[in-house]
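Take a look at the structure set out below.
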Amino acid sequence: MRILDLFSWLPAKEISIEEIEKIFMDDMKGIPNGTYSVSYGIPNDANANVSNCVKELLAEEKNVACLKKENVIIAVIGYKEG
1113 MRILDLFSWL PAKEISIEEI EKIFMDDMKG IPNGTYSVSY GIPNDANANV
1163 SNCVKELLAE EKNVACLKKE NVIIAVIGYK EG
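Going by the numbering used here, the sequence shown opens with residue 1113, and the numbers climb by one from there.
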């Protein structure tokens, strides 16, 4: 699993890129996080910024995951398996 792109809408002092990567990698291993949740694919509740990021990543043939806090998308992750 390789994370290739990461778009975040929270300041680094609230959650760092490293923390986002760890939460995502833990979720892939089946380890949940109490504060954040990960969803895969295109979320139904995506705003224009999120939709544009997702479309860009999919056009680059990357898998997509979204990190949510309190049901609000705070990051989009582009990754490839293998």
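Where is the CB? At the ideal position from N, CA and C, for every residue including glycine.
Q. Who are residue 1192's beta bridge partners in DSSP?
A. For this step, residue 1192 is matched to residue 80 along the sequence shown. In DSSP, residue 1192 forms a bridge with 1114.
Subject >> Spatial distance of residue 1137 from residue 1182 (CA atoms) >> reply: Here residue 1137 corresponds to residue number 25 of the sequence shown, with the count starting at 1. Here residue 1182 corresponds to residue number 70 of the sequence shown, with the count starting at 1. Looking at the two C-alpha atoms, the distance is approximately 20 Å.
Q) By DSSP, does residue 1122 sit in helix, in strand, or in coil? A) Taking the first residue of the sequence shown as 1, we reach residue 1122 at position 10. If DSSP states are grouped into helix, strand and coil, residue 1122 belongs with coil.
On the CB-based measure, 16 or more other CB atoms within 10 Å of its CB, does residue 1116 come out buried or exposed?
Taking the first residue of the sequence shown as 1, we reach residue 1116 at position 4. Label assigned to residue 1116: exposed.
inquiry  = Excluding the 5 residues flanking residue 1153 on each side, which residues of the same chain have their C-beta closer than 7 Å to its C-beta?
reply    = Start at 1 with the first residue of the sequence shown, and residue 1153 comes out as number 41. Within the same chain, residue 1153 has close Cβ partners 1176.
For residue 1126, tell me which candidate among 1147, 1114 and 1142 has the shortest Cα-Cα distance. Here residue 1126 is taken as the residue at index 14 of the sequence shown, counted from 1. The shortest C-alpha separation from residue 1126 is found at 1147.
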